[in-house]
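K.L.:
Residue numbers (this note's numbering): -2 to 246.
Even for Gly, the Cβ is constructed at its ideal location relative to N, Cα and C.
All values reported here derive from a predicted model rather than from experimental measurement.
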Amino acid sequence: MKSLLRTIAPACLVEWYRNYRRAKDRERNRGRSSEAVFTDIYAKNAWGGAKGEFFSGRGSVDEDLVAPYISLVSDTVTRDGLAGSTFVDLGCGDFRIGHRLLPFCSRYTGVDVVRPLVDRNQEQYGCDTVRFVALDIVADALPVGEVCLVRQVFQHLSNQDICSVLLKLQKFKLVIITEHYPTGTEAPVPNLDKVRGGDTRVLDNSGVYLSVPPFNLPEQSLSLALELPVTYAKGSGVLRTFLYRPLSA
Ligand SMILES: C[S@@+](CC[C@H](N)C(=O)[O-])C[C@H]1O[C@@H](n2cnc3c(N)ncnc32)[C@H](O)[C@@H]1O
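Here it is, written out as structure tokens:
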């Protein structure tokens, strides 16, 4: 029904309705905990998937986006001498990405704020070397490891949330950060603040630009390693993956 309406309704009406829904969601999420916000998103299948299934979004299954990302992680950890080390995956979601990283690490810790998802992951995939912990990466201390992955997580957080997490990334040797960016004709507005939630800054022609205020990661510790066109989302955009090496700052 929804897709039928989308086909027959004028584009401007669809656009108006989308913006109305986003504004309502932001209003509702203001002041809610990360746990409440993201648990709700999975419970309502707001990022897709069959009813009752945990689904972290198209960005985690689209092979055009996933395969090059996995190759990049493999090549980078091999080159940096970090193959076979401990990986910490912040905002691990449904583990569709994480399980493909297992060949490159000796231990894997998946972290997410959604308890039923973490429990499901631990039950289905937990073993001596793979574990899942329910933590709020904004408020809690992070698990120990050498390589940290933060894939399509910051794009859903407020600027203050991101600042809190960035402070805690200093202890890792390598942090691999993936984010969604707009590529329209107008110059993007860096780091427009948002309420934490399922949407991203892209529809507001913004994204998370880590080397500029309020984040200010030193340019020399951050490098763009991969850029892929995103075709599943509204509007044009790219998924960029950065290598952040805190100690090289
Ligand atoms: C779009 S999903 C990405 C999942 C996975 N990284 C991937 O690429 O498939 C974002 C994930 O971040 C998690 N997340 C958001 N805020 C968090 C927080 N404060 N602490 C821990 N996890 C969080 C969400 O629950 C969700 O599973």
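Since T228 sits in a beta bridge, which residues does DSSP pair it with?
P.N.:
As a working mapping, residue 228 is identified with position 231 in the sequence shown. Bridge partners of T228: none, in fact.
K.L.:
Regarding V135 and ligand 2, is the C-beta to nearest heavy atom distance less than 7 Å?
P.N.:
The model on display carries ligand 1 but not ligand 2.
K.L.:
Counting only the same chain and skipping the five closest in sequence on each side, list residues whose C-beta sits under 7 Å from that of D59.
P.N.:
Here the question's residue 59 lines up with position 62 in the sequence shown. Y229, listed in sequence order.
K.L.:
Is it true that the CB of F212 sits closer than 8 Å to the CB of L171?
P.N.:
Locating residue 171 in the sequence shown gives position 174, where the first residue counts as 1. Locating residue 212 in the sequence shown gives position 215, where the first residue counts as 1. Going by C-beta atoms, L171 is not nearer than 8 Å to F212.
K.L.:
For the alpha helix (DSSP H) containing P65, name the first residue and the last one.
P.N.:
By 1-based counting over the sequence shown, the position of residue 65 is 68. Per DSSP, P65 belongs to the alpha helix (DSSP H) from E60 to R76.
K.L.:
Taking just the CA atoms, how far does G78 sit from K231?
P.N.:
Against the sequence shown, residue 231 aligns to sequence position 234. Against the sequence shown, residue 78 aligns to sequence position 81. Whole-angstrom Cα-Cα distance: 39 Å.
K.L.:
For the structure I just gave you, are there three or more beta carbon pairs, one from the segment 39 to 59 and one from the segment 68 to 77, closer than 8 Å?
P.N.:
In short, these stretches do not touch, since the Cβ pair count stays below three.
K.L.:
Report whether the distance from the Cβ of S31 to the nearest heavy atom of ligand 1 is below 7 Å.
P.N.:
Here residue 31 is taken as the residue at index 34 of the sequence shown, counted from 1. Result yes, Cβ under 7 Å from ligand 1.
K.L.:
Could you compute how far the alpha carbon of R117 sits from the alpha carbon of F129?
P.N.:
Sequence index remark: in the sequence shown, residue 117 carries index 120 (1-based). Sequence index remark: in the sequence shown, residue 129 carries index 132 (1-based). Each residue's Cα considered, the two are about 9 Å apart.
K.L.:
Relative to the alpha-carbon of C160, which residue among V205, G123 and Q119 has its alpha-carbon at the smallest distance?
P.N.:
As a first step, residue 160 is located in the sequence shown; it is residue number 163 there, counting from the start. For the residues V205, G123 and Q119, the minimum Cα distance to C160 belongs to V205.
K.L.:
Does the beta-carbon of V127 have 16 or more other beta-carbons within 10 angstroms, so that it is buried, or is it exposed?
P.N.:
Taking the sequence shown and counting its residues from 1, one reaches residue 127 at position 130. It counts as buried.
K.L.:
Specify the secondary structure class of L98 as computed by DSSP and reduced to three states.
P.N.:
As a working note, residue 98 is residue 101 in the sequence shown. Residue state, collapsed to three classes: coil.
K.L.:
V135 to K165, Cα distance in whole Å?
P.N.:
The count along the sequence shown starts at 1 and reaches residue 135 at position 138. The count along the sequence shown starts at 1 and reaches residue 165 at position 168. Answer to the nearest angstrom: the Cα atoms are 9 Å apart.
K.L.:
Considering only heavy atoms of ligand 1, does any lie closer than 7 Å to the CB of S71?
P.N.:
Taking the sequence shown and counting its residues from 1, the one referred to as residue 71 is at position 74. Not under cutoff, so the answer is no.
K.L.:
Any idea if C124 is buried or exposed, counting beta-carbon neighbours within 10 angstroms, 16 or more meaning buried?
P.N.:
For this step, residue 124 is matched to residue 127 along the sequence shown. With fewer than 16 Cβ atoms within 10 Å of its Cβ, C124 is classed as exposed.
K.L.:
Is the beta carbon of S208 closer than 8 Å to that of L189?
P.N.:
By one-based count along the sequence shown, residue 189 stands at place 192. By one-based count along the sequence shown, residue 208 stands at place 211. No, Cβ-Cβ distance for L189 and S208 is not below 8 Å.
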